[in-house]
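Here full-length UniProt numbering is used: the first residue of the sequence shown is 1, the next is one more, and so on.
All C-beta atoms, glycine included, are put in the ideal place defined by N, C-alpha and C.
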Amino acid sequence: MVDKTDRHAPGQLGGQADAEQSRGGDDLFADALMDDLFAEARDCRPAEVPVHLEQSIIREAVAIQAARAAAVQSQGADWAKGRTERGITGLMAQLRGVIAAIGGWPALGGLATASAAGLWIGLAPPSFIPDPVALAGIDLSASDLPDDSYDLALVLSEETE
């Protein structure tokens, strides 16, 4: 079957002929060049970074990290000072400190979501997860329970007498 572009439908010519028909010769030549470039890149070792350049990059990174840490600490101190001036102390201040230590409200939201998902999976596990009650070795069957509620009432009444 030939379409409007005078190309055969895939699968009629078979294998390599399909690939050559669907892609021009220029594409195949470009693929061969790319294969050669990738082979050359695999054999090549990466260029060595001069030691002084590497040391200057590390020094600059350490300086930037120290500056950011100082900025975060000063913001935290300013924030805490502002809260105590407004009268937020005690339990609320500690709660805000815990939330800040966790990572703020976004992290607390993620923690709540993960907790809810864990509870849900624990209460109603999917069929491919084994039942945790069976894994614990607890066997509940109909023979473990009394046949009639009257029997249970009788046992309980005898114990209370």
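Assuming residue i contacts residue j under a Cβ cut-off of 8 Å, what Cβ separation, rounded to an integer in Å, is found between them?
{"i": "residue 108", "j": "residue 121", "result": "Going by Cβ atoms, the distance from residue 108 to residue 121 rounds to 20 Å, so no, they are not a contact pair."}
{"i": "residue 102", "j": "residue 91", "result": "Not a contact, Cβ separation roughly 16 Å."}
Exposed or buried, which one is residue i when buried takes at least 16 other CB atoms within 10 Å?
{"i": "residue 64", "result": "exposed"}
List the endpoints of the continuous alpha helix (DSSP H) containing residue i.
{"i": "residue 129", "result": "Looking at the DSSP string, residue 129 is not in any alpha helix (DSSP H), and its letter there is neither H nor E."}
{"i": "residue 103", "result": "Element bounds for residue 103: n/a, residue is neither H nor E."}
Spatial neighbours of residue i within its chain, please: C-beta separation below 8 Å, excluding the five flanking residues on both sides.
{"i": "residue 67", "result": "none"}
{"i": "residue 129", "result": "121"}
{"i": "residue 52", "result": "none"}
{"i": "residue 131", "result": "125"}
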